[in-house]
Amino acid sequence: KNKLINWTLHKPLLPIAYGTHHSKAMLLVYPQGVRVVIHTANLIYVDWNNKTQGLWMQDFPWKQRQDHSKTSPFEEDLVDYLEKLK
276 KNKLINWTLH KPLLPIAYGT HHSKAMLLVY PQGVRVVIHT ANLIYVDWNN KTQGLWMQDF
336 PWKQRQDHSK TSPFEEDLVD YLEKLK
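According to this note's numbering, the stretch in the sequence shown is residues 276 to 361, in order.
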């Protein structure tokens with residue numbers, strides 16, 4: 276299989292012998308900021324090309340130095356969720 280460069284896979288351990296937790300989300304980092312994408316498709320060809328799916332995405336610019344300590348409820352929830360996946 277082809278390995279995708281610049282991709283990091285995070286796979287949390289599960290206390291059960293079956294199933295898997297998968298967030299169906301992407302955090303895409305660009306020079307001007309971060310794009311958050313939340314989608315309904317699994318990351319397989321058939322889901323993206325043969326089925327109806329939905330997604331939400333929003334671009335967030337990098338914080339300015341003077342705004343570094345300011346947060347939003349969305350940012351706090353996202354950071355909390357990602358920290359729980361560790």
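Note that the Cβ used here is the ideal one computed from N, Cα and C, for glycine as well. Since the model is a prediction, treat every value here as computed from it, not as a measurement.
Which stretch, first to last residue, makes up the alpha helix (DSSP H) that contains D334?
Annotation for D334: no alpha helix (DSSP H) segment contains it, though the beta strand (DSSP E) segment containing it runs L330 to P336.
Out of Q307, H314 and P306, which one is the CA nearest neighbour of S298?
Minimum Cα distance to S298 is reached at H314.
Determine the direct distance from the alpha carbon of P287 to that of L360, and round the result to whole angstroms.
Those two C-alpha atoms are separated by around 6 Å.
Is the beta carbon of V311 sitting closer than 9 Å to the one on M332?
Here V311 is near M332, since their CB atoms are less than 9 Å apart.
When you compare each of N317, Q328 and K338 to P306 by their alpha carbons, which one comes out closest?
The residue from N317, Q328 and K338 with its alpha-carbon nearest to that of P306 is K338.
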